[in-house]
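Protein chains: 2
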Amino acid sequence: MGYSRQREMLLSVLKDTRSHPTANWIYEEMRKRDPKISLGTVYRNLALLTESGVILRIDTEHDSVHYDGFTHPHYHFVCNGCGEVSDLSIDPIGIEAEVERETGGSVAGHTLVFYGKCKNCK
Amino acid sequence: MGYSRQREMLLSVLKDTRSHPTANWIYEEMRKRDPKISLGTVYRNLALLTESGVILRIDTEHDSVHYDGFTHPHYHFVCNGCGEVSDLSIDPIGIEAEVERETGGSVAGHTLVFYGKCKNCK
DNA sequence: ATAAATTTAGTAATCGTTACTGATTATCTC
DNA sequence: GAGATAATCAGTAACGATTACTAAATTTAT
Numbered sequence: 436m437g438y439s440r441q442r443e444m445l446l447s448v449l450k451d452t453r454s455h456p457t458a459n460w461i462y463e464e465m466r467k468r469d470p471k472i473s474l475g476t477v478y479r480n481l482a483l484l485t486e487s488g489v490i491l492r493i494d495t496e497h498d499s500v501h502y503d504g505f506t507h508p509h510y511h512f513v514c515n516g517c518g519e520v521s522d523l524s525i526d527p528i529g530i531e532a533e534v535e536r537e538t539g540g541s542v543a544g545h546t547l548v549f550y551g552k553c554k555n556c557k
Numbered sequence: 436m437g438y439s440r441q442r443e444m445l446l447s448v449l450k451d452t453r454s455h456p457t458a459n460w461i462y463e464e465m466r467k468r469d470p471k472i473s474l475g476t477v478y479r480n481l482a483l484l485t486e487s488g489v490i491l492r493i494d495t496e497h498d499s500v501h502y503d504g505f506t507h508p509h510y511h512f513v514c515n516g517c518g519e520v521s522d523l524s525i526d527p528i529g530i531e532a533e534v535e536r537e538t539g540g541s542v543a544g545h546t547l548v549f550y551g552k553c554k555n556c557k
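Read top to bottom, the protein sequences are chains D and B. Numbering of the first sequence is given in the working numbering, commencing with residue 436 and proceeding in unit increments. Numbering of the second sequence is given in the working numbering, commencing with residue 436 and proceeding in unit increments.
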């Protein structure tokens, strides 16, 4: 996978924030640097980078998908009030082997999401 | 919350399967029993039952939301090949208190989803 | 430098989900 | 039980996130 100017820009935007943005937020941010950027380009590159493990995708019970440029294994907390997604420093759990044993399949990864009210919304 | 005929039917459909169906699958199943059922009714009741904790909603990296009539705390495995969602018998992890301490918020629940290839797709 | 392959901007289409409305059904009070 | 009140429904339109498409531009390989 080569790195086009737009793909580089997307990565740089994503690495520069810890806010776990949505595709649309990233799009708006990229438009500030280059107003001709296309929303389709954002989605296509988000999919590519997710597939190759360069970035993380976070699915929650709320509206649209969030992305994370911080790939070191970690978990997330989602506020049911304001929808904000934040990182946790909980230690990764090591039970993928157990899941493989139980399912007979192969495990590539896992996601752990906590829901509740953040300090502000509580 | 009263239980209308349609809501009862939805619950019965969901309790009768362990397949973690999507809204549309449930809709088709209910249509077999009552062809006049409305898709809006399915979605409205899924939202109501999820909010009140009678059923579970499962968000994955694949297409649409899945639902689970089995509410005893448990985790899920999602196959990246066929998209099938299956139950795991892993013991629930008890770290919500730790998350509350770290975030300063309140935790209402958590979801743990493993991704990989199932026995068939591997 | 030229040819081949990839990526893009822009736009149209898709699909899951939600919102709306007037009709129907359930519940509540007498 | 009859009538009033509230909840729920079927049907359909609207919405918003995401994907698909196409011709032009850019990158990469020769």
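We put the beta carbon where it would ideally sit given N, CA and C, even for glycine.
**Study point:** Residue environment, residue 480 (chain B), which counts as buried when at least 16 other CB atoms sit within 10 Å
**Key:** buried
Review point. Run through DSSP, which three-state label would residue 438 (chain D) get?
Key: coil
Practice item. Can you give me the start and stop residues for the beta strand (DSSP E) that residue 552 (chain B) sits inside? Key: 541 to 552
Check your understanding: Touching or not, the segment 542 to 555 of chain D and the segment 538 to 545 of chain B, by the rule of three or more beta carbon pairs under 8 Å?
Key -> yes
Practice item. With distances taken Cα to Cα, identify the nearest neighbour of residue 520 (chain B) among B:504, B:451, B:495, B:438. Key: B:495
Exercise for review: For residue 504 (chain D), I'd like the list of residues in its chain whose CB is within less than 6 Å of its CB, leaving aside the five on either flank, ordered along the chain.
Suggested key: 449, 450, 490
Exercise for review: Determine the extent of the alpha helix (DSSP H) in which residue 536 (chain B) is found, giving its start and end residues.
Suggested key: 531 to 538
Exercise for review: Report yes if the C-beta distance between residue 534 (chain B) and residue 493 (chain D) is below 8 Å; otherwise report no.
Suggested key: no
Check your understanding: Exposed or buried, what is residue 456 (chain B) when buried is set at 16 or more other beta-carbons lying within 10 Å of its beta-carbon?
Key -> buried
Exercise for review: Go to residue 468 (chain D), then tell me how far its beta strand (DSSP E) extends in each direction, as first and last residue.
Suggested key: Not the beta strand (DSSP E): residue 468 (chain D) falls in the alpha helix (DSSP H), residues 458 to 468.
Check your understanding: Helix or strand or just coil, what does DSSP make of residue 487 (chain B)?
Key -> coil
Exercise for review: Examine chain B for any beta-carbon lying closer than 8 Å to the beta-carbon of residue 543 (chain D), and answer yes or no.
Suggested key: yes
Practice item. Specify whether the segment 497 to 512 of chain D and the segment 458 to 477 of chain D touch according to this definition: at least 3 beta carbon pairs, one from each stretch, less than 8 Å apart. Key: yes
**Study point:** chain B contact residues for residue 523 (chain D), given Cβ-Cβ distances below 8 Å
**Key:** 534, 537, 538
Point to revise | Selection of the segment 490 to 501 of chain B by Cβ proximity to chain D, strictly under 8 Å | key: 492, 494, 495, 496
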